[in-house]
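Working notes, structure below.
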Amino acid sequence: MTLDTSISVVLPTFRAVEHLLCCARSLVREADPAGLEVCIYGDGGGEASREAIAQAAESLRAAGIGVRATYAPVNLGNTRAVNAAAALASGAWLLFANDDMVFPRGWRERVVPLLRPGRVLSLTCAEPPVGGHRPASCFVARDLGLDPERLDLAALDELDAALAAPTLEPGANYPFLVERSLFRAVGGADERFAAGPYHDPDLFLRLKLGGAELVRTRAALLYHFSGISLRFGESERRASASRDWVRSENRARLEFIRKWGAKPHAPFGRVPATRADAPWDARPRRLPERARRAAILAVERLRAALREARRAR
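Okay, so the sequence shown: first residue is 48 according to this note's numbering, each after it adds one.
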């Protein structure tokens with residue numbers, strides 16, 4: 048049986064107007080748009096976001112790329128928006144990406160041969176070092192600029208050509224491809240992580256425990272603006288993560304521990320691992336385990352309070 052390799056690029060977006068348009072400009076360069084669609088879910092953000100989504104959708108359709116786009120005026124939070132964007136998709140494979148990621152020319156023809164049933168395939172990004180944010184070790188530190196309106200797509204293509212390789216290694220990170228049927232089978236992204244990170248290590252962990260193969264490739268190198276549209280305030284973009292980001296990250300980390308009864312031992316890019324082989328509510332909870340979970344939560348609450356206090360200074 049021939050593997051269906053149709054791909055839906057899943058793009059939840061919130062206020063990253065110029066970044067979304069830059070992403071669309073990179074995608075319209077697809078030489079053969081057959082079997083490719085882009086699913087954009089506007090998670091609030093106001094009139095500028097709504098207009099940007101319409102503009103991006105128009106340019107993608109003009110290039111022959113399928114588009115499913117919607118704008119919702121009420122902000123749901125990132126994880127709910129991820130599920131809402133995925134629900135729009137019709138492709139056999141979902142490619143989860145951020146609205147501030149940019150695609151090199153020819154990415155799909157190099158990625159498709161690596162797709163296998165049961166495989167979760169993560170791609171690699173080049174990221175500029177921004178303030179206190181350092182690119183992950185599995186990514187490439189390269190500054191092609193922070194202005195999405197002026198990004199040189201030819202420079203990205205050259206970098207991609209220089210570094211691209213079809214090799215595979217264990218790993219899991221955004222952006223990644225997963226079969227739509229498999230994403231649905233594990234229940235999608237857990238919406239208890241509504242406004243912060245950690246929904247992705249939770250998802251990767253559930254996929255791993257379900258038997259999926261989690262690997263990463265440099266067959267395509269995207270450019271990622273380091274999440275500056277959300278991580279940093281206008282006055283803090285080159286300084287440090289915003290207070291709201293730190294607060295949401297703390298809440299999500301605590302939620303992960305409550306769900307799994309263990310710390311999220313998942314440095315960015317690595318296959319997630321915990322002491323648990325099932326969520327807390329789906330396994331026996333003996334006294335030593337309950338005590339360990341309570342102790343971890345107490346330490347992490349203190350850690351969260353100290354982080355937020357430092358950010359408040």
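Glycine included, every Cβ here is placed at the ideal spot set by N, Cα and C.
C-beta contact flag for residue i and residue j at 8 Å
i: A241; j: R127; result: yes
i: C86; j: A132; result: yes
i: L141; j: S53; result: no
i: E302; j: R350; result: no
i: L168; j: L162; result: yes
i: D190; j: A267; result: no
i: F61; j: S106; result: no
i: L194; j: A63; result: For clarity, residue 194 is Asp in the given sequence; the question names Leu instead. Against a cut-off of 8 Å, the Cβ pair of A63 and D194 comes out as no contact.
i: V233; j: G258; result: no
Residue i, DSSP secondary structure in three states
i: D90; result: strand
i: T117; result: strand
i: T49; result: coil
i: E355; result: helix
i: L269; result: strand
i: T60; result: strand
i: P213; result: strand
Residue nearest to residue i in terms of C-alpha spacing, selected from the options
i: F186; options: A132, G192 and Y221; result: Y221
i: I343; options: R305, R333, A320 and P314; result: R305
i: G153; options: T214, A329 and L83; result: L83
i: G197; options: F272, L162, R181 and A119; result: The residue asked about is misnamed: residue 197 is Arg in this sequence, not Gly. The residue with the shortest Cα to Cα distance from R197 is F272.
i: F143; options: D291, D247, H66 and P176; result: D247
i: L252; options: F150, L193 and F315; result: F315
i: P59; options: L200, C70 and T49; result: C70
i: T264; options: D237, G218, G308 and L254; result: G218
i: S228; options: A136, R76 and A119; result: A136
i: E226; options: A212, E260, A110 and L203; result: E260
i: V114; options: R340, R181, M148 and Y88; result: Y88
Per DSSP, the bridge partner or partners of residue i
i: I54; result: L83 and W140
i: V225; result: L141
i: A219; result: G316
i: L334; result: L334 pairs with nothing; no bridge assigned.
i: E260; result: R166
Along the chain, which unbroken stretches of the beta strand (DSSP E) at least 3 residues long are found entirely within the stretch 129-194?
140-143 and 166-174
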